[in-house]
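Enquirer:
2 protein chains.
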Amino acid sequence: MSWILDAGRVEDIARGAALLGTGGGGDPYIGALLARQALAEHGPVTAVTLEEVPDDAVVLTVAMMGAPTVMVEKLPSLKEVMAPVRAVGEYLGRPVTHVACAEVGGVNSTIPIAAAAALGLPLIDADGMGRAFPELQMVLPTLYGVTASPLALADEKGNVSVLNTVDNTWTERIARVACVEMGCSVIISGFPMDGATARAALVPDSLSHCGNIGSAILAAREEKRDPVGAIVELVRGRELFGGKVVDVQRGTTAGFARGRARIEAGSGAEASALELNFQNEHLVARTDTKVLVTAPDLIMVVDHDSGEPITTEALRYGQRVRVLAAPSDPRWHQPEALAMVGPRYFGYEMPSHRWDGSTDPEPATVAS
Amino acid sequence: MSWILDAGRVEDIARGAALLGTGGGGDPYIGALLARQALAEHGPVTAVTLEEVPDDAVVLTVAMMGAPTVMVEKLPSLKEVMAPVRAVGEYLGRPVTHVACAEVGGVNSTIPIAAAAALGLPLIDADGMGRAFPELQMVLPTLYGVTASPLALADEKGNVSVLNTVDNTWTERIARVACVEMGCSVIISGFPMDGATARAALVPDSLSHCGNIGSAILAAREEKRDPVGAIVELVRGRELFGGKVVDVQRGTTAGFARGRARIEAGSGAEASALELNFQNEHLVARTDTKVLVTAPDLIMVVDHDSGEPITTEALRYGQRVRVLAAPSDPRWHQPEALAMVGPRYFGYEMPSHRWDGSTDPEPATVAS
């Protein structure tokens with residue numbers, strides 16, 4: 002059933018998306034600002050379920066691309082958010098009928114709300130990952146053969162580039178260097194899909210899910226319950242670790258915010274320290290002796306008491322945090338998906354460790 | 002009057018263009034190979050003068066972009082040459098009617114021949130510079146307010162990117178990083194102009210001029226006359242220096258072939274050594290004590306005896322060469338043109354030195 006997405010729901014969605022964004026997706030409040038502005042100027046957005054999208058729909062994803070460390074200082078305008086959707090529509094020669102989120106993640110769950118409001122289009126209650134990942138080809142539609150192209154990039158200056166590439170990895174490569182040159186943060190739109198393809202390839206109901214998580218965190222806080230308990234229940238995950246951030250190393254390189262954070266537990270804890278490795282998103286959580294969880298499953302950092310999600314660029318020395326893990330969409334555990342988003346892709350020589358401590362089988366290798 | 006451009010004329014044009022390309026534009030023989038292949042497969046090209054182009058024509062320039070050091074190892078295909086012209090035509094929603102050269106320079110005078118042949122379009126006997134320059138905004142049409150956008154890039158893999166930017170410098174910036182990522186050598190097409198604008202903005206008859214220079218070099222060689230004398234007469238320039246290449250420093254950085262070459266004269270010469278600084282093209286010619294000539298005027302290196310033009314990537318220790326200078330199109334000496342292609346733009350803190358030893362007036366500066 003379609004529902005009305007108004008300003009009151011934006012903050013819940015942004016908060017829930019900041020959690021499922023596993024550290025990436027940028028500051029949720031910045032994205033919420035823009036969405037609220039768009040809703041105030043253009044009225045509320047109709048959110049439709051995947052089942053309601055007609056087969057002949059023209060669906061595009063909309064997202065911010067770049068380093069979250071830059072996004073926090075470079076807020077896009079509504080013009081910048083509309084430009085790439087329009088450019089792809091013109092390229093296709095067909096009117097775009099629906100907007101969808103490429104990922105859930107602070108800014109990237111609210112930018113599409115702004116785009117839908119400003120363009121007067123319905124927003125699909127779904128996304129391409131069920132979490133956030135750092136590279137643009139890392140969406141479930143890629144596994145379904147959907148091409149990222151034509152994909153448009155737009156910056157705040159008015160520059161637009163439309164890519165038509167031989168595969169989605171090339172879209173990422175060319176878009177990434179253009180993004181860096183255009184100021185390390187751009188709005189992209191692409192992955193044109195008809196309704197039937199969107200139904201098969203996207204993660205259903207993820208905007209609602211984000212909204213529910215966001216409101217559950219607030220409700221628990223108001224009712225003096227532990228927000229982390231409410232989160233763990235909704236994401237069907239577990240609490241991995243709790244402690245104080247004692248070190249954060251972070252650099253913005255090649256268009257990404259890359260780094261690591263170290264969290265030390267108080268006395269009596271099972272493990273004394275946890276290390277998180279991230280590239281926009283948290284990719285690996287490990288103790289000094291053992292890998293606990295890796296991408297594609299979700300590694301989430303929240304404030305110890307308030308349960309407020311903390312993005313990778315907001316991690317600071319001295320923060321008291323809790324680290325949670327949860328399962329990703331099961332399709333991310335297929336071998337071809339793990340080749341795209343598993344720890345080895347990101348340079349970590351280890352199998353995919355699931356949220357519950359089990360590991361995914363490794364692809365068979367030929368003995369040399 | 003229009004004329005038929007067939008395979009017999011390609012080599013003359015390539016040789017003359019290698020000279021006027023002032024070291025840039027890539028290996029003329031590579032471009033000639035592709036043009037000859039296109040003419041063999043699709044028949045001869047009609048070259049039309051600027052006067053013959055109708056006012057409502059849709060003119061696009063076509064060029065190879067990248068480092069000549071890479072071009073020599075990565076020959077484009079006819080498919081790659083046609084792709085960006087088609088992409089811009091589709092973007093404009095109007096059929097392209099004429100192809101023109103962006104610059105004269107080895108490959109970039111023959112790639113448009115290949116494009117015109119393969120696309121079945123007339124080629125305008127004109128170009129955008131009357132020489133070669135390293136960055137794409139450096140064409141006379143920029144001075145006439147022609148936008149480079151929409152400009153398309155295509156690589157040999159099949160990737161295409163269409164840029165629509167706020168100014169021509171942004172086209173250069175985004176295209177350059179995309180070019181580097183796509184393999185440091187791509188085919189570009191852009192600068193859409195109607196016939197009236199092309200007539201005002203382009204350098205007329207430059208393909209014919211290149212062909213005439215090329216055939217004059219060959220004729221002088223066959224008749225045992227000095228080819229350099231024939232060149233100097235046709236380019237209305239002078240011989241600056243003669244000697245042996247004793248040092249070449251060259252690197253491919255940020256998508257350009259940058260470097261310097263040192264040439265030492267035999268005993269009795271007026272100056273003992275000449276240094277050339279280049280970024281794809283020769284930009285500065287100076288002795289140890291004096292600047293002789295800078296961009297935008299032409300600095301050309303040819304083989305000492307045969308008069309064969311030597312591109313910057315072909316400069317080698319031990320070559321006996323002669324260095325020539327000639328005037329550029331006079332429009333390059335306007336103040337706004339010098340800001341775009343004068344020595345200061347390229348990082349050389351000196352006024353523009355003309356081919357004849359005079360200097361251009363410097364823009365007035367406010368005393369601090």
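Here the protein sequences come in this chain order: A and B.
The opening residue of the first sequence carries number 2 in our numbering; numbering runs sequentially from there.
The opening residue of the second sequence carries number 2 in our numbering; numbering runs sequentially from there.
Cβ coordinates follow ideal geometry from the N, Cα and C atoms, glycine included.
1. Do residue 106 of chain A and residue 28 of chain A have their C-beta atoms closer together than 8 Å?
2. Residues in its own chain within less than 6 Å of residue 4 of chain A by CB, not counting five upstream and five downstream?
3. Give a single yes or no on whether residue 162 of chain A has its beta carbon closer than 7 Å to a heavy atom of the ligand PLP.
4. What three-state label does DSSP hand residue 14 of chain A in the structure shown?
5. Using a cut-off of 7 Å between C-beta atoms, extract the partners of residue 182 of chain B located in chain A.
6. For residue 354 of chain B, decide whether its Cβ has a neighbour in chain A, counting only Cβ atoms nearer than 8 Å.
7. Could you tell me the alpha carbon to alpha carbon distance between residue 38 of chain A and residue 119 of chain A, rounded to whole angstroms?
8. With H, G and I counted as helix, E and B as strand and the rest as coil, what does DSSP make of residue 3 of chain A?
9. Which residue or residues does DSSP assign as beta-bridge partners of residue 285 of chain A?
10. Can we say the region 6–21 of chain A touches the region 52–66 of chain A, given the rule of at least three CB pairs closer than 8 Å?
11. Within this structure, are the beta carbons of residue 329 of chain B and residue 298 of chain B separated by less than 8 Å?
12. Taking all protein chains shown into account, do 16 or more other C-beta atoms lie within 10 angstroms of the C-beta of residue 111 of chain B, making it buried, or fewer, making it exposed?
13. So if I threshold CB-CB distances at 8 Å, which residues from the region 140–172 of chain A count as touching chain B?
14. Which residue wins for smallest C-alpha separation from residue 304 of chain A, given the options A:130, A:325, A:75?
15. Give a yes or no on whether the C-beta atoms belonging to residue 351 of chain A and residue 290 of chain A are separated by under 8 Å.
16. Rounded to a whole number of angstroms, what is the C-alpha to C-alpha distance between residue 98 of chain B and residue 90 of chain A?
17. Residues in the same chain with beta-carbon distance under 6 Å from residue 265 of chain A, minus the five sequence neighbours each way, listed in chain order, please.
18. Which one of B:301, B:308, B:293, B:78 has the shortest CA to CA distance from residue 1 of chain B?
19. Compare the beta carbon distance of residue 347 of chain B and residue 284 of chain B with 8 Å and say whether it is the shorter of the two.
20. Which same chain residues, not among the five before or five after residue 161 of chain A, have their C-beta less than 8 Å away from its C-beta?
21. When we look at the beta-carbon of residue 307 of chain A and count the other beta-carbons within 10 Å, is it buried (16 or more) or exposed?
22. How is residue 370 of chain A classed by DSSP in three states: helix, strand or coil?
23. Pick helix, strand or coil for residue 79 of chain A, following the three-state DSSP scheme.
24. How many angstroms separate the CA atom of residue 221 of chain A from the CA atom of residue 103 of chain A?
25. Does the region 200–218 of chain B come into contact with the region 203–215 of chain A, if we say contact requires no fewer than three beta-carbon pairs (one atom in each stretch) closer than 8 Å?
26. Rounded to a whole number of angstroms, what is the C-alpha to C-alpha distance between residue 300 of chain B and residue 121 of chain B?
27. Return helix, strand or coil for residue 132 of chain A, following the three-state DSSP convention.
28. Look at the alpha carbon of residue 277 of chain A and the alpha carbon of residue 259 of chain B, and state the distance between them as a whole number of angstroms.
29. What is the C-beta distance between residue 148 of chain B and residue 169 of chain B, in whole angstroms, given that I count them as a contact (C-beta under 8 Å)?
30. Is DSSP giving residue 369 of chain A helix, strand or coil here?
31. In terms of residues, what are the limits of the alpha helix (DSSP H) holding residue 38 of chain A?
32. In three-state terms, what does DSSP make of residue 334 of chain A?
33. Please list the terminal residues of the continuous alpha helix (DSSP H) segment that includes residue 109 of chain A.
34. If you reduce the DSSP assignment to three classes, tell me which class residue 219 of chain A lands in.
35. Under DSSP, the alpha helix (DSSP H) around residue 173 of chain A begins and ends at which residues?
36. Give the secondary structure of residue 310 of chain A by DSSP, where H, G and I count as helix, E and B as strand, and everything else as coil.
Expert: Per the coordinate set shown:
1. The sequence position of residue 106 of chain A within the first sequence is 105, counting from 1. The sequence position of residue 28 of chain A within the first sequence is 27, counting from 1. The answer is no: Cβ separation not under 8 Å.
2. Position 3 of the first sequence holds residue 4 of chain A. Once the five neighbours on either side are set aside, the close Cβ partners of residue 4 of chain A are 48.
3. This structure lacks the ligand PLP, and indeed carries no ligand of any kind.
4. What you label residue 14 of chain A is simply residue 13 of the first sequence in a count that begins at 1. Looking at residue 14 of chain A - three-state DSSP - the assignment turns out to be helix.
5. Locating residue 182 of chain B in the second sequence gives position 181, where the first residue counts as 1. Result: 174, 175, 178.
6. The sequence position of residue 354 of chain B within the second sequence is 353, counting from 1. Residue 354 of chain B does not count as touching chain A.
7. Within the first sequence, the letter at position 37 stands for residue 38 of chain A. Within the first sequence, the letter at position 118 stands for residue 119 of chain A. One C-alpha to the other measures close to 10 Å.
8. As a working mapping, residue 3 of chain A is identified with position 2 in the first sequence. In the structure shown, residue 3 of chain A sits in coil (DSSP, three-state: anything other than H, G, I, E or B).
9. Here residue 285 of chain A refers to the residue found at position 284 of the first sequence. Partner(s): A:278, A:295.
10. no
11. Counting from 1 along the second sequence, the entry for residue 329 of chain B is found at position 328. Counting from 1 along the second sequence, the entry for residue 298 of chain B is found at position 297. Result yes, Cβ atoms of residue 329 of chain B and residue 298 of chain B sit closer than 8 Å.
12. Counting from 1 along the second sequence, the entry for residue 111 of chain B is found at position 110. Result: buried.
13. 158, 159, 160, 161, 162, 163, 164, 165, 166, 167, 171
14. For the purposes of this step, residue 304 of chain A is taken as residue 303 along the first sequence, with counting starting at 1. When each option's Cα is compared against that of residue 304 of chain A, the closest is A:325.
15. Sequence index remark: in the first sequence, residue 351 of chain A carries index 350 (1-based). Sequence index remark: in the first sequence, residue 290 of chain A carries index 289 (1-based). The answer is no: Cβ separation not under 8 Å.
16. Taking the second sequence and counting its residues from 1, the one referred to as residue 98 of chain B is at position 97. Taking the first sequence and counting its residues from 1, the one referred to as residue 90 of chain A is at position 89. C-alpha separation (whole angstroms): 26 Å.
17. Position 264 of the first sequence holds residue 265 of chain A. If we look at residue 265 of chain A and ignore the five residues flanking it on each side, its Cβ neighbours are 244, 245, 247, 274.
18. No information on residue 1 of chain B is available, as it lies outside the stretch 2 to 369 that chain B covers here.
19. Within the second sequence, numbered from 1, the residue matching residue 347 of chain B stands at position 346. Within the second sequence, numbered from 1, the residue matching residue 284 of chain B stands at position 283. Against a cut-off of 8 Å, the Cβ pair of residue 284 of chain B and residue 347 of chain B comes out as a contact.
20. Numbered from its first residue, the first sequence carries residue 161 of chain A at position 160. Hits under 8 Å: 84, 85, 88, 153, 154, 155.
21. As a working mapping, residue 307 of chain A is identified with position 306 in the first sequence. Exposed is the call here.
22. Here chain A has residues from 2 to 369 only, and residue 370 of chain A is not among them.
23. As a working note, residue 79 of chain A is residue 78 in the first sequence. It is helical.
24. One-based indexing of the first sequence puts residue 221 of chain A at position 220. One-based indexing of the first sequence puts residue 103 of chain A at position 102. Their Cα atoms are separated by approximately 29 Å.
25. no
26. Along the second sequence, read from residue 1 onward, the residue named residue 300 of chain B stands at position 299. Along the second sequence, read from residue 1 onward, the residue named residue 121 of chain B stands at position 120. Straight-line Cα distance between these residues: approximately 35 Å.
27. Within the first sequence, the letter at position 131 stands for residue 132 of chain A. Residue state, collapsed to three classes: coil.
28. Locating residue 277 of chain A in the first sequence gives position 276, where the first residue counts as 1. Locating residue 259 of chain B in the second sequence gives position 258, where the first residue counts as 1. In a straight line, the C-alpha of residue 277 of chain A is about 42 Å away from that of residue 259 of chain B.
29. On the second sequence, position 147 is the one that residue 148 of chain B refers to. On the second sequence, position 168 is the one that residue 169 of chain B refers to. About 7 Å; that satisfies the 8 Å criterion.
30. By 1-based counting over the first sequence, the position of residue 369 of chain A is 368. Because the pLDDT of residue 369 of chain A is 45, which lies under 50, any placement of that residue in the model is unreliable, and the number read from its coordinates should be weighed accordingly. Looking at residue 369 of chain A - three-state DSSP - the assignment turns out to be coil, as it is neither helix nor strand.
31. Numbered from its first residue, the first sequence carries residue 38 of chain A at position 37. Looking at the DSSP string, the run of the alpha helix (DSSP H) that includes residue 38 of chain A is 29–43.
32. Taking the first sequence and counting its residues from 1, the one referred to as residue 334 of chain A is at position 333. If DSSP states are grouped into helix, strand and coil, residue 334 of chain A belongs with the helices.
33. Counted from its first residue, the first sequence places residue 109 of chain A at position 108. Segment 107–120, the alpha helix (DSSP H) holding residue 109 of chain A.
34. Numbered from its first residue, the first sequence carries residue 219 of chain A at position 218. Looking at residue 219 of chain A - three-state DSSP - the assignment turns out to be helix.
35. Here residue 173 of chain A refers to the residue found at position 172 of the first sequence. Element bounds for residue 173 of chain A: 169–182.
36. Position 309 of the first sequence holds residue 310 of chain A. Residue 310 of chain A falls in the strand class under three-state DSSP.
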